[in-house]
Amino acid sequence: MLAKTLTVAFLYVCVRHVLGHGMMLDPPNRSSLWRFYNSSPINYDDNQNFCGGRAIQWDLLNGSCGVCGDRYDEAHPQSNENTGKYGQGVVVRTYESGSKINVSVQLTSNHLGHFVYSICVLEDPTQPESGEECFHNLILADGSTQYNVSAKQEFIDNSVILPYDLKCERCVLRWHYTAVTIHFSDGEVVARSATSVLHRKEKLFWILSCQGMRRRHQNVQDEPFSRKSHGISFWDRKGFFLVDFMPKGTTINAEAYCNTLKKLRRAIQNRRRGMLTRGVNLLHDNARPHTAPVSQELLTSFGWDIKSPFEKIVHQFCKNSRIETRMAVKSILLLVVLAYLEEASGHGMMLEPPNRGSLWRFDWQQPANYNDNEFFCGGVVVQYGQNGGNCGVCGDNWASPVPRNNENTGKFGNGVVARTYAAGTAVTTSITLTANHLGTFTYSLCILSDPSKPETEECFVDLKLSDGSSAYNVKSDDYIISNNIQLPAGVTCERCVLRWHYKSGNSWGMCNDGTQKMGCGAQETFRSCADISIVNP
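Per mature numbering (1 follows the signal peptide of the UniProt record, and there is no 0), the sequence shown runs over residues -20 to -1, 1 to 517.
This is the structure in structure tokens:
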């Protein structure tokens, strides 16, 4: 069982942010210590630890950044690293392990985006941090892995959970701010489009102006295809090609673009990087093809809303926004179909009791898995297209060698008993959904008769919720969910496995009665397994 011990973590702090302007002031970061201690060197640019700036970081250094926000190619120790100009070893705060600490951040320029926190234990206080691998991500008090910045926020307080068994004389707490840019190619939006016009040298510009962004326009420039090719290509944020809108010479009509959107959605689901959740924005220069009966019929068949061409395109980025189009050289733009995609950086996990893949968030000694919200049987295509709908008992790809990573004796199944409960009692679980896919939760229990072997599907027996129901129906606004699960009376075990099973319900498919609707057919599956023990009351 994971025992919470009263240990103490001594922290001093560095800040790293990307494409934003801000600083962590509580606990004070190294560059800002002069604001609190007269003896510390002054840095009037302590809100600009931004990896050298966008052009340096991305165009010159391929996205690399110093561990504490300095330019990546600077000599070590870099200014904000341990033993650097500002890293003088001043311990600014002392905390208890496993506690929730309050962190205060000031943004001198709000670029939206998100915050992530991580911690590094300094093994050698006379040397800089060993590198990026030293830092381990922390979770917020609400169970999320990041804080999403809202427009116009300037002073932001976060509650961050320290690891339960971490003890250190010298630790480094890091704030990492990834700002949103309006560039489709490398921002938080999953899709990237390239729109062709009549000539290679002509380019389409999106001009976005947002109130409160210093009146500066954000320009998004899309390079055209080859001469006289019309359409859009879609890519995910990893650069993986998803689907080509249409080949050269194809007539653009309602049926063509609807079929393309079907393919696009399927491709995105296959990649498991995002979902088309906010409808379809149609941009065009004359008639409104999406009002035609054929368009309405096709769009209705796969359940997407039509949105106004000029609204909510930049919904995530700014309020009171407007979008305009202009051509660098006069040309004919036949049709642009922009699919608004929302990144799904993960999907869901059981954090109470801690599942095996998430133990590292509570037990510092366990192997880290930063994708612990993606135990989805390998993805829909793998699960249903290759494995006949089968899934590993704890969410791994069914075709992976046994023991699979999340099974007993696997990479994350190290036999650590995370919680102990009394037989016949109600257990409160906590589920975090990083992307809500509707559907249902069910729970089951397996008594490990041989702790030296992986569990099997036959071992799991279904449990009921305390209200007598067999499943919890996920609501559209659910993200952190607590369920009360009834343990069977008279059943005890030194090693049991409590399993959370999530069958999503947001994909269109064929129902058993021959009709089609959302939630039918092959749906994405998620599983989490937690090691527990059950004792007599």
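Where is the CB? At the ideal position from N, CA and C, for every residue including glycine. Here the structure is a predicted model, which is why all the values come from computation and not from measurement.
Which residue from the options puts its Cα closest to that of residue i?
{"i": "residue 486", "options": "143, 29, 494, 501", "result": "501"}
{"i": "residue 21", "options": "53, 3, 56, 70", "result": "70"}
{"i": "residue 523", "options": "362, 393, 388", "result": "Shown here, the chain extends from -20 to 517; a query on residue 523 therefore has no answer."}
{"i": "residue 399", "options": "75, 343, 499, 133", "result": "343"}
{"i": "residue 418", "options": "504, 478, 439", "result": "504"}
{"i": "residue 137", "options": "479, 4, 353, 446", "result": "4"}
{"i": "residue 506", "options": "357, 98, 107", "result": "357"}
{"i": "residue 89", "options": "329, 28, 455", "result": "28"}
{"i": "residue 455", "options": "443, 421, 45", "result": "421"}
{"i": "residue 488", "options": "11, 353, 360, 107", "result": "360"}
{"i": "residue 84", "options": "484, 133, 111, 428", "result": "133"}
{"i": "residue 340", "options": "119, 112, 33", "result": "119"}
{"i": "residue 354", "options": "372, 368, 346", "result": "372"}
Evaluate residue i with the Cβ neighbour count: other Cβ atoms within 10 Å of its Cβ, from every protein chain shown; 16 or more gives buried, anything less gives exposed.
{"i": "residue 220", "result": "With a pLDDT of only 39 at residue 220, under the threshold of 50, the placement of this residue in the model should not be trusted, and no figure is reported."}
{"i": "residue 50", "result": "buried"}
{"i": "residue 415", "result": "buried"}
{"i": "residue 30", "result": "buried"}
{"i": "residue 425", "result": "buried"}
{"i": "residue 121", "result": "exposed"}
{"i": "residue 159", "result": "buried"}
{"i": "residue 102", "result": "buried"}
{"i": "residue 329", "result": "buried"}
{"i": "residue 441", "result": "exposed"}
{"i": "residue 470", "result": "exposed"}
{"i": "residue 46", "result": "buried"}
Could you give the DSSP three-state label for residue i: helix, strand or coil?
{"i": "residue 364", "result": "helix"}
{"i": "residue 289", "result": "For residue 289, the pLDDT reaches just 32, beneath the cut-off of 50, and the residue's location in the model is therefore unreliable, although a value from the coordinates is still provided. Here residue 289 sits in coil by DSSP."}
{"i": "residue 340", "result": "helix"}
{"i": "residue 378", "result": "coil"}
{"i": "residue 487", "result": "coil"}
{"i": "residue 479", "result": "strand"}
{"i": "residue 37", "result": "helix"}
{"i": "residue 54", "result": "coil"}
{"i": "residue 508", "result": "strand"}
{"i": "residue 15", "result": "helix"}
{"i": "residue 384", "result": "coil"}
{"i": "residue 114", "result": "helix"}
{"i": "residue 474", "result": "strand"}
{"i": "residue 438", "result": "helix"}
What's the C-alpha gap between residue i and residue j?
{"i": "residue 366", "j": "residue 390", "result": "23 Å"}
{"i": "residue 17", "j": "residue 66", "result": "12 Å"}
{"i": "residue 127", "j": "residue 82", "result": "13 Å"}
{"i": "residue 124", "j": "residue 155", "result": "15 Å"}
{"i": "residue 515", "j": "residue 498", "result": "42 Å"}
{"i": "residue 63", "j": "residue 92", "result": "32 Å"}
{"i": "residue 43", "j": "residue 37", "result": "5 Å"}
{"i": "residue 144", "j": "residue 364", "result": "39 Å"}
{"i": "residue 72", "j": "residue 78", "result": "18 Å"}
{"i": "residue 481", "j": "residue 445", "result": "13 Å"}
{"i": "residue 557", "j": "residue 14", "result": "Since the displayed the chain opens at -20 and closes at 517, residue 557 lies outside it and no answer follows."}
{"i": "residue 375", "j": "residue 24", "result": "50 Å"}
{"i": "residue 522", "j": "residue 114", "result": "This structure does not reach residue 522, given that the chain is present from -20 up to 517, and the question cannot be answered."}
{"i": "residue 438", "j": "residue 508", "result": "17 Å"}
{"i": "residue 395", "j": "residue 460", "result": "27 Å"}
{"i": "residue 135", "j": "residue 94", "result": "14 Å"}
{"i": "residue 410", "j": "residue 54", "result": "44 Å"}
{"i": "residue 406", "j": "residue 106", "result": "50 Å"}
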